[in-house]
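Beneath this line is the structure, given in structure tokens, with notes to follow.
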């Protein structure tokens with residue numbers, strides 16, 4: 004009896020969790036398909052026959068900035084995660100296995116990078132990039148995103164590389180493989196899950212970033228989050244468009260997170276255990 | 004069989020010195036790109052920001068003019084009511100945010116660690132709010148909080164709690180708390196996943212032993228779960244404090260700092276002073292104060308990690 008009661012309570016909690024986690028998102032998705040007249044009706048008019056794609060068609064109009072925002076975000080996030088994985092996996096392997104002098108100091112400073120408020124580096128970066136003509140360029144944002152994605156990539160991958168049995172590399176060395184070959188043909192292929200996890204993580208972080216994007220871009224390289232914020236401007240009242248732009252810009256990362264859920268979830272567990 | 008292994012071990016000894024050297028060379032080669040990037044994009048700006056905070060920086064025709072003003076910017080901080088307001092807001096926000104996120108995430112992690120909550124679907128559900136862009140999250144809540152057409156007011160009026168509804172972002176302290184709620188909602192998934200990983204690392208047999216000793220569920224929680232989660236809890240509290248101090252997107256989209264500067268947090272103030280008021284030196288000084296606050300938290304983080312690493316060795 005008591006057991007059943009606690010089961011019921013747990014079920015209730017689970018249902019409320021699902022409701023609270025997905026409710027706000029579902030609400031935004033559903034209402035993004037409604038015309039303004041339904042949204043501003045009292046009470047809100049949820050008549051499904053009035054569902055329309057107008058909001059989506061309008062925000063995707065090339066003059067509205069969301070389309071180019073999505074493309075810019077795609078370019079920046081893809082390159083950032085590719086470079087972060089290449090540079091990061093090499094560094095992580097060196098720190099995990101190549102008995103580098105000062106590796107502890109490097110690791111600690113990598114960890115410390117997570118603690119900086121963005122604004123501290125944003126001001127000097129803005130000045131330097133203005134001088135170098137890197138404001139409003141893809142390259143400029145990529146460098147900045149690399150700086151905060153790279154440490155996490157290195158940290159997680161280092162933990163994983165350390166968990167690979169050292170015998171594997173010894174065997175390869177005895178067979179005459181060079182260090183680079185060992186890394187390329189033995190370590191990397193068995194590290195695909197954490198590589199995917201960190202790659203997806205890097206992509207999502209760079210895709211979603213807003214603070215530096217608003218400081219370091221003007222017109223040409225507006226990213227998707229900037230486009231959303233413009234649709235959500237303080238005195239804007241086109242609620243449907245604001246919601247449609249948020250849904251569209253969230254779709255790629257949410258889908259990525261769902262597809263790679265196993266890698267991400269395992270990456271978390273792995274990372275938490277190893278760190 | 005033994006012949007080959009004999010020869011290979013001779014080979015191994017002969018090559019050991021060279022092998023070590025090539026390892027070192029490769030190690031440096033492998034770390035160099037990452038170190039260069041981090042030095043250029045992090046180390047240089049941090050030092051530069053420190054120097055800027057002692058300067059008066061103006062944008063004049065043709066470029067940026069700087070003038071050394073000593074501690075002026077820092078002195079100004081202590082007299083600036085806007086700074087004090089942002090500081091208090093940030094401390095309140097961070098404190099309440101961290102407590103709320105930690106307690107709710109711990110509860111949720113325990114729920115999802117229970118046999119009934121184990122199905123993977125629940126963890127996937129956690130990933131969705133986590134992956135959402137903070138700006139999209141802000142838009143979500145902006146719509147929910149909308150005074151005229153928001154669903155929150157529809158609920159409040161429907162339940163008869165208020166006749167006309169509440170202007171959620173209309174008064175300073177209420178607006179700050181509404182931003183807080185939106186931020187807590189977004190932060191819970193990550194911390195819950197961290198705590199879940201921590202829960203799964205607690206050895207099963209400890210619970211069995213506790214059960215045999217006749218421990219109640221509550222006693223198990225206090226004497227097995229909490230001590231086992233200690234490190235994970237400290238890590239998540241420190242990380243969450245750092246993230247709460249960095250909140251920007253929500254303020255930018257929901258209130259732009261208003262009403263009456265009620266939702267101006269330190270990060271936002273520094274941005275506004277620098278990039279709206281173009282008071283770059285003073286903005287840098289505010290940023291450096293925030294930096295010191297976070298550095299203290301970072302030291303706490305590194306300390307929290309230390310006992311674990313020494314225990315592993």
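Chains as they are written, first to last, in our numbering: chain A, 4 to 278; chain B, 4 to 316. Where a beta carbon is used, it is the ideal one built from N, C-alpha and C, also for glycine. All values reported here derive from a predicted model rather than from experimental measurement.
Between the C-alpha atoms of residue i and residue j, what's the straight-line distance to the nearest angstrom?
i	j	result
residue 106 of chain A	residue 112 of chain A	10 Å
residue 35 of chain A	residue 231 of chain A	13 Å
residue 282 of chain B	residue 228 of chain A	26 Å
residue 108 of chain A	residue 143 of chain B	42 Å
residue 180 of chain B	residue 212 of chain B	44 Å
residue 7 of chain A	residue 121 of chain B	18 Å
residue 21 of chain B	residue 164 of chain A	23 Å
residue 155 of chain B	residue 253 of chain B	18 Å
residue 181 of chain A	residue 274 of chain B	50 Å
residue 221 of chain A	residue 170 of chain A	53 Å
residue 278 of chain A	residue 144 of chain A	A caution first: residue 278 of chain A carries a pLDDT of 48, below 50, which makes its placement in the model unreliable, though a value can still be read off. Approximately 29 Å between the Cα atoms of the pair.
residue 128 of chain B	residue 21 of chain A	7 Å
residue 312 of chain A	residue 189 of chain A	Here chain A covers residues 4 to 278 and nothing more, so residue 312 of chain A does not appear.
residue 210 of chain B	residue 9 of chain A	19 Å
residue 211 of chain A	residue 246 of chain B	15 Å
residue 264 of chain B	residue 246 of chain A	26 Å
residue 122 of chain A	residue 80 of chain A	21 Å
residue 313 of chain B	residue 197 of chain B	Below a pLDDT of 50, predicted positions are generally treated as unreliable, and residue 313 of chain B, at 43, falls in that range; no measurement from the model is reported.
residue 216 of chain A	residue 45 of chain A	38 Å
residue 101 of chain B	residue 140 of chain B	19 Å
residue 169 of chain B	residue 195 of chain B	31 Å
Using 9 Å as the threshold, is the C-beta distance between residue i and residue j below it?
i	j	result
residue 123 of chain B	residue 199 of chain B	no
residue 208 of chain A	residue 151 of chain A	yes
residue 89 of chain B	residue 298 of chain B	no
residue 40 of chain B	residue 98 of chain A	no
residue 146 of chain B	residue 31 of chain A	yes
residue 262 of chain B	residue 185 of chain B	no
residue 37 of chain A	residue 270 of chain A	no
residue 128 of chain A	residue 44 of chain B	yes
residue 13 of chain A	residue 114 of chain B	yes
residue 59 of chain A	residue 186 of chain A	no
residue 52 of chain B	residue 290 of chain B	yes
residue 49 of chain A	residue 40 of chain A	no
residue 73 of chain B	residue 126 of chain A	no
residue 268 of chain A	residue 126 of chain B	yes
residue 2 of chain B	residue 261 of chain A	Absent from the structure is residue 2 of chain B, since the part of chain B shown begins at 4 and ends at 316.
residue 206 of chain A	residue 256 of chain A	yes
Mind listing the chain A neighbours of residue i? Cutoff is C-beta to C-beta under 8 Å, in chain order.
i	result
residue 167 of chain B	Correct list: empty, because the minimum Cβ distance to chain A is about 11 Å.
residue 96 of chain B	None at all; the shortest Cβ gap to chain A is about 14 Å.
residue 317 of chain B	With chain B covering only 4 through 316, there is no way to say anything about residue 317 of chain B.
residue 114 of chain B	13, 16, 17, 20
residue 2 of chain B	The question about residue 2 of chain B has no answer here: the residues shown for chain B are numbered 4 through 316.
residue 52 of chain B	123, 124, 126, 127
Check the Cβ of residue i against every Cβ in chain A and list those closer than 7 Å, keeping chain order.
i	result
residue 298 of chain B	118
residue 294 of chain B	119, 120, 123
residue 174 of chain B	Near residue 174 of chain B there are no residues of chain A at all, since even the closest Cβ is about 17 Å away, more than 7 Å.
residue 317 of chain B	Limits of chain B in this structure are 4 at one end and 316 at the other, which puts residue 317 of chain B out of reach.
residue 270 of chain B	120, 122
residue 108 of chain B	Within 7 Å Cβ-Cβ: nothing; residue 108 of chain B doesn't reach chain A, min ~11 Å.
residue 111 of chain B	20
Since residue i meets chain A, which of its residues come closer than 9 Å, beta carbon to beta carbon?
i	result
residue 286 of chain B	122, 126
residue 277 of chain B	122, 125, 126, 129, 218
Can you pull the chain B residues whose beta carbon is under 9 Å from the beta carbon of residue i, in chain order?
i	result
residue 264 of chain A	123, 126, 127, 130
residue 30 of chain A	143, 146, 147, 154
residue 261 of chain A	127, 130, 131, 134
Since residue i meets chain B, which of its residues come closer than 8 Å, beta carbon to beta carbon?
i	result
residue 213 of chain A	136, 137, 138, 251, 252, 255
residue 267 of chain A	130
Give the residues of chain B in contact with residue i, contact being defined as C-beta atoms less than 7 Å apart.
i	result
residue 183 of chain A	29
residue 85 of chain A	Near residue 85 of chain A there are no residues of chain B at all, since even the closest Cβ is about 13 Å away, more than 7 Å.
residue 10 of chain A	119
Members of the stretch 241 to 267 of chain B that neighbour chain A once the beta carbon cut-off is set at 7 Å: 245, 248, 249, 251, 252, 255, 256, 259
In chain order, each alpha helix (DSSP H) run of at least 4 residues that lies wholly inside the stretch 59 to 125 of chain B: Whole alpha helix (DSSP H) segments, 4+ residues: 75 to 82, 84 to 116.
Members of the stretch 34 to 49 of chain B near chain A, C-beta cut-off 8 Å: 34, 36, 37, 38, 40, 41, 43, 44, 45, 47, 48, 49
Under 7 Å (Cβ pairs) to chain B, residues found in the stretch 35 to 63 of chain A: 42, 43, 46, 47
Interface positions of the stretch 192 to 207 of chain A facing chain B (Cβ-Cβ less than 7 Å), listed along the chain: 207
Residues, ordered as in the chain, of the stretch 236 to 252 of chain A that lie near chain B by beta-carbon distance below 7 Å: So the close ones are 237, 242, 245, 246, 249, 252.
Ranges of the alpha helix (DSSP H) found wholly within the stretch 166 to 237 of chain B, counting only runs of at least 4: 175 to 203, 207 to 215, 220 to 223
Within 9 Å of chain B by C-beta, residues of the stretch 98 to 117 of chain A in sequence order: Of all residues in the stretch 98 to 117 of chain A, only 98, 100, 101, 102, 103, 104, 106, 109, 111, 112, 113, 114, 115, 116, 117 come within less than 9 Å of chain B when Cβ atoms are compared, listed by chain position.
Every unbroken beta strand (DSSP E) within the stretch 74 to 118 of chain A, with a cutoff of 3 residues, ordered by chain: none
Members of the stretch 203 to 233 of chain B that neighbour chain A once the beta carbon cut-off is set at 8 Å: 203, 204
Within 8 Å of chain B by C-beta, residues of the stretch 139 to 154 of chain A in sequence order: For the stretch 139 to 154 of chain A, which is checked against every Cβ of chain B, the residues closer than 8 Å are 146, 147, 149, 150, 153, 154.
Segments assigned alpha helix (DSSP H), at least 4 residues, entirely inside the stretch 176 to 251 of chain A: With a minimum length of 4 residues, the continuous alpha helix (DSSP H) runs that stay inside the stretch 176 to 251 of chain A are 195 to 211, 214 to 219, 227 to 234.
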